[in-house]
Amino acid sequence: MMSLAEISLGKAVKQQYGFKIRAYGNLFVSLMAVQLIALLFTAGGATGMSGMGWDNIYIEIRYYSGTMIFVFTALWIAVNSFMLTLPLFRNIDFSFVTNRISSNLANIGFMITAAVAGGGTAALGSILLRNILYYLTESGSLIGANFMVAPGELFIGVVVGMLYLLLFSAAGYFVGALLQLHRSLYVLVPALLLGVLLYDAAYESALMLRLIGFFSLELSPLLFVLKIAGAVLLLWTGAGLISNRAEIR
Amino acid sequence: MKVIACRELRKQFGRTVALNDLSFSIKANKITGLIGPNGAGKTTLLKIAAGYLRETAGEIRVFSRQPFNDLTVSANTVFVDDNMALPGTLNIAEILDAASLFYPHWDHRLALRLFEYFSFNPRALHKSLSKGMKSTFNMIIGLSAHCALTIFDEPTVGMDAAVRRDFYRALLQDYLRHPRTMIISSHLLSEIEDLLEDILLLSAGRKRLQLPVAELREYAVGLRGAAGLVERFTADKEIYRRETFGANKVFVVVRNSFSGAVLEEIRAAGLELLPVSAEDLCVYLTSGERGGIDDVFSGN
Numbered sequence: 001m002m003s004l005a006e007i008s009l010g011k012a013v014k015q016q017y018g019f020k021i022r023a024y025g026n027l028f029v030s031l032m033a034v035q036l037i038a039l040l041f042t043a044g045g046a047t048g049m050s051g052m053g054w055d056n057i058y059i060e061i062r063y064y065s066g067t068m069i070f071v072f073t074a075l076w077i078a079v080n081s082f083m084l085t086l087p088l089f090r091n092i093d094f095s096f097v098t099n100r101i102s103s104n105l106a107n108i109g110f111m112i113t114a115a116v117a118g119g120g121t122a123a124l125g126s127i128l129l130r131n132i133l134y135y136l137t138e139s140g141s142l143i144g145a146n147f148m149v150a151p152g153e154l155f156i157g158v159v160v161g162m163l164y165l166l167l168f169s170a171a172g173y174f175v176g177a178l179l180q181l182h183r184s185l186y187v188l189v190p191a192l193l194l195g196v197l198l199y200d201a202a203y204e205s206a207l208m209l210r211l212i213g214f215f216s217l218e219l220s221p222l223l224f225v226l227k228i229a230g231a232v233l234l235l236w237t238g239a240g241l242i243s244n245r246a247e248i249r
Numbered sequence: 250m251k252v253i254a255c256r257e258l259r260k261q262f263g264r265t266v267a268l269n270d271l272s273f274s275i276k277a278n279k280i281t282g283l284i285g286p287n288g289a290g291k292t293t294l295l296k297i298a299a300g301y302l303r304e305t306a307g308e309i310r311v312f313s314r315q316p317f318n319d320l321t322v323s324a325n326t327v328f329v330d331d332n333m334a335l336p337g338t339l340n341i342a343e344i345l346d347a348a349s350l351f352y353p354h355w356d357h358r359l360a361l362r363l364f365e366y367f368s369f370n371p372r373a374l375h376k377s378l379s380k381g382m383k384s385t386f387n388m389i390i391g392l393s394a395h396c397a398l399t400i401f402d403e404p405t406v407g408m409d410a411a412v413r414r415d416f417y418r419a420l421l422q423d424y425l426r427h428p429r430t431m432i433i434s435s436h437l438l439s440e441i442e443d444l445l446e447d448i449l450l451l452s453a454g455r456k457r458l459q460l461p462v463a464e465l466r467e468y469a470v471g472l473r474g475a476a477g478l479v480e481r482f483t484a485d486k487e488i489y490r491r492e493t494f495g496a497n498k499v500f501v502v503v504r505n506s507f508s509g510a511v512l513e514e515i516r517a518a519g520l521e522l523l524p525v526s527a528e529d530l531c532v533y534l535t536s537g538e539r540g541g542i543d544d545v546f547s548g549n
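Heads up: the protein sequence lines correspond to chains A and B, in order.
Just so we're aligned, residue 1 is where the first sequence starts under this note's numbering, counting upward by one.
Just so we're aligned, residue 250 is where the second sequence starts under this note's numbering, counting upward by one.
Structural data, given as structure tokens:
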């Protein structure tokens with residue numbers, strides 16, 4: 001009789017995580033591509049513009065911001081976290097050694113890695129944007145305010161960016177896990193989201209804005225971190241509970 | 250030691266009952282053939298054993314554990330079929346490397362030698378392999394994993410005759426060096442008969458038989474001749490198969506439990522006694538005592 005190999009949860013998660021990084025490493029190439037596209041959009045055309053003129057003087061003000069890069073990165077992480085829950089990717093996990101808990105934990109590890117990479121590169125992308133603008137625009141026409149970023153600010157920007165990305169990622173993962181419950185949810189969940197938006201528009205109730213404001217309007221750094229961490233844990237736990245009884249193949 | 254033990258196992262998909270009241274056990278280090286017609290529940294049973302699906306009722310234990318969500322079962326079980334999901338982003342050599350990191354007893358030397366023998370291009374992608382090559386590659390993973398429970402579900406789909414033969418040979422060679430519990434499911438018994446020690450025959454989600462292959466070969470006997478005479482000898486027996494041919498002739502398959510004297514009597518009465526191959530018997534047992542496809546055309 002072949003001896004039974006015992007394997008700890010930690011080891012299984014570590015193996016599975018390493019496997020995911022190797023197998024899905026190409027996602028980080030797509031991250032670069034997505035950020036590059038956002039960068040081109042932003043540098044090519046300003047995100048805001050206003051012009052005014054008297055007689056033969058004309059002043060045009062262009063606003064540039066790294067927001068687009070971040071929005072694209074957020075979309076990238078939400079979509080990819082969603083994809084992790086699709087049957088194809090679940091099934092690949094189960095071709096090797098895993099159970100549902102280790103598969104979810106490895107996915108969480110992967111999402112954290114993606115958030116760190118995404119948050120870091122998005123912040124660096126906005127620095128790159130400044131560099132590009134510095135060389136593209138005529139000298140003297142750049143207004144200094146917010147042009148230089150202090151290292152401390154940059155660091156806070158990176159951390160806040162990562163936290164937001166983690167939130168988007170967890171949301172994508174939760175929705176994905178939810179949709180796997182039943183085919184009808186593929187229609188119901190988007191319909192529900194659309195319904196909320198329409199309700200907001202029709203009754204000026206701003207449910208969505210309030211939800212976003214719950215995080216974005218928080219002034220205390222500690223509370224902000226706690227809110228994000230709480231929401232992320234809630235979403236992960238929800239996804240884990242939903243998928244823990246799911247059948248494979 | 251029992252590697253798999255089931256008690257009144259039942260599995261339902263919606264209203265469809267895939268497994269029903271299934272009780273059996275499989276002892277360690279045997280090669281068992283899981284045989285049955287399409288839709289008998291073979292794949293469902295194997296997927297439950299591998300922890301992919303959850304039983305609806307009853308009990309299943311693999312290595313004395315509940316397989317669903319059990320890491321030890323997963324680490325000691327490999328489940329191979331032609332739907333094995335593998336990442337499209339790694340080439341097949343990288344997939345072998347990845348698999349080697351997962352399975353504690355993985356034999357990488359064997360994997361590489363088989364890989365070379367079947368002339369795989371290391372840079373090929375799994376999804377671009379032909380059906381037969383895919384099955385062959387999956388088989389390499391299944392064998393090299395050296396798992397205490399090795400499950401092959403219809404492993405030879407798409408393989409040509411030569412590769413099939415090589416596969417069975419490789420399986421046997423590796424089994425002899427590293428004895429372990431293997432389950433091979435197939436609807437074609439004749440092809441794997443020589444490989445198997447035991448047979449578990451399923452039909453419509455139920456166990457029909459579980460026997461050593463050697464006993465299965467002797468299990469039944471066919472009587473051919475005049476209908477009246479045949480019926481006289483088989484009146485008190487369960488009839489596995491009955492075929493009518495000619496004006497008044499029948500061929501009837503029954504359990505081979507005649508005493509020597511009765512056998513003499515049968516021969517003396519001018520009836521033919523025919524051996525029933527394990528494969529034919531499996532077909533008879535799972536298609537009921539109907540006359541088979543001929544009934545469709547005979548108009549009754």
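Ideal Cβ placement from N, Cα and C applies to all residues, glycine included.
Given a cut-off of 8 Å, decide if V499 (chain B) and V479 (chain B) are closer than it, judged by their beta-carbon atoms. Yes.
Which bits of chain A does K200 (chain B) rub up against, with CB to CB less than 9 Å? Residue 200 (chain B) cannot be examined here, being either before or after the span of chain B that is shown, 250 to 549.
Examine chain B for any beta-carbon lying closer than 8 Å to the beta-carbon of I37 (chain A), and answer yes or no. Not one chain B Cβ lies under 8 Å of I37 (chain A).
Closest by CA to L451 (chain B), which one among B:A527, B:K380 and B:G288? Cα-wise, what sits closest to L451 (chain B) is B:G288.
Return the residues of the stretch 312-343 of chain B that lie within a Cβ-Cβ distance of less than 7 Å from chain A, sorted by chain order. Residues of the stretch 312-343 of chain B that bring their beta carbon within less than 7 Å of a beta carbon in chain A comprise F312, N318, D319, L320, T321, S323, A324, N325, N332, M333, A334, L335, P336, T338 and L339, in sequence order.
Which first and last residues belong to the beta strand (DSSP E) in which V502 (chain B) is found? Element bounds for V502 (chain B): K498 to R504.
If the cut is a Cβ gap below 8 Å, which residues of chain B does L88 (chain A) touch? By Cβ distance, chain B contributes A334.
Indicate whether I432 (chain B) and L283 (chain B) have their beta-carbon atoms separated by less than 8 Å. Taking 8 Å as the Cβ cut-off, I432 (chain B) and L283 (chain B) qualify as a contacting pair.
So if I threshold CB-CB distances at 9 Å, which residues from the stretch 84-109 of chain A count as touching chain B? With the criterion set as a beta carbon lying under 9 Å from some beta carbon of chain B, the members of the stretch 84-109 of chain A are P87, L88, F89, R90, N91, I92, D93, F94, S95, F96, V97, T98, N99, R100, I101 and S102, in sequence order.
Quick one: grab the DSSP three-state call for A114 (chain A). A114 (chain A): helix per DSSP, three-state reduction.
If the cut-off is 9 Å on Cβ atoms, which residues from the stretch 294-309 of chain B count as contacting chain A, listed in chain order? Taking 9 Å as the Cβ-Cβ cut-off, the stretch 294-309 of chain B approaches chain A at K296, A299, G300, Y301, L302 and R303, given in chain order.
To the nearest angstrom, how far is it from the Cα of V329 (chain B) to the Cα of A277 (chain B)? The C-alpha of A277 (chain B) is placed about 19 Å away from the C-alpha of V329 (chain B).
Please check if any C-beta of chain A sits within less than 8 Å of the C-beta of L350 (chain B). Yes, its Cβ sits closer than 8 Å to a Cβ of chain A.
Determine the closest residue to A419 (chain B) out of B:L438, B:F386, B:D447 and B:H436, with distance taken between C-alpha atoms. Considering only alpha carbons, the answer is B:F386.
So, do the stretch 121-139 of chain A and the stretch 76-93 of chain A have three or more beta carbon pairs nearer to each other than 8 Å? Touching, no, given that fewer than three Cβ pairs across the two stretches are closer than 8 Å.
Contact under 8 Å by Cβ, K456 (chain B) with L449 (chain B): Yes; because the gap between Cβ atoms is below 8 Å, this pair is in contact.
Does the stretch 5-17 of chain A come into contact with the stretch 29-42 of chain A, if we say contact requires no fewer than three beta-carbon pairs (one atom in each stretch) closer than 8 Å? Not touching, per the Cβ criterion.
Residues that DSSP places opposite D402 (chain B) in a beta bridge: DSSP, once it has assigned bridges, lists B:S434 as partnering D402 (chain B).
Using a Cβ-Cβ distance cut-off of 8 Å, determine whether P524 (chain B) contacts chain A. Judged by the 8 Å Cβ criterion, P524 (chain B) is not in contact with chain A.
Just tell me which of A:R210, A:R22 and A:A123 has its CA closest to the CA of F72 (chain A). Out of A:R210, A:R22 and A:A123, A:A123 has the C-alpha closest to the C-alpha of F72 (chain A).
Is DSSP giving N269 (chain B) helix, strand or coil here? In the structure shown, N269 (chain B) sits in a strand (DSSP, three-state: E or B).
Measure the C-alpha to C-alpha separation of N99 (chain A) and L320 (chain B) and round it to an integer number of angstroms. Going by the C-alpha atoms only, they are around 6 Å apart.
Counting C-beta neighbours from all protein chains within 10 Å, is the total for M148 (chain A) 16 or more, i.e. buried, or is it exposed? Residue burial annotation: M148 (chain A) is exposed, with fewer than 16 other C-beta atoms found within 10 angstroms of its C-beta.
For D236 (chain B), count the other beta carbons within 10 Å of its own beta carbon; 16 or more makes it buried, fewer makes it exposed. Which is it? Outside the modelled stretch of chain B, which goes from 250 to 549, sits residue 236 (chain B), for which no answer is possible.
C396 (chain B) in three-state terms, based on DSSP: Three-state DSSP puts C396 (chain B) in coil, outside helix and strand.
Using a Cβ-Cβ cut-off of 7 Å (strictly less than) and excluding sequence neighbours within five positions of V225 (chain A), which residues of its own chain qualify? Excluding sequence neighbours, V225 (chain A) sits near L163.
Whole-angstrom Cβ separation of Y186 (chain A) and A239 (chain A), contact assumed at under 8 Å? About 16 Å separates the beta carbons of Y186 (chain A) and A239 (chain A), which is beyond the 8 Å limit, so they are not a contact pair.
Measuring only the C-alpha atoms, how far is E538 (chain B) from Y489 (chain B)? At E538 (chain B) the pLDDT is 49, less than 50, meaning the model places this residue with poor confidence and gives no usable figure here.
By how many angstroms is the C-alpha of M388 (chain B) removed from the C-alpha of S434 (chain B)? So the alpha carbons of these two residues sit roughly 13 Å apart.
Extract the residue ranges of the alpha helix (DSSP H) inside the stretch 334-418 of chain B, only unbroken runs of 4 or more that lie entirely within it. Runs of the alpha helix (DSSP H) inside the stretch 334-418 of chain B: 341-351, 357-366 and 380-393.
Candidates B:L268, B:F367, B:S393 and B:L335: which alpha carbon is nearest D409 (chain B)'s? That would be B:F367, whose Cα lies nearest to the Cα of D409 (chain B).
Which residue's Cα is closest to the Cα of E487 (chain B): B:F494, B:F507 and B:G495? Nearest C-alpha to E487 (chain B): B:F507.
From the DSSP output, read off the bridge partner residues of V327 (chain B). Beta-bridge pairing by DSSP links V327 (chain B) to B:T399.
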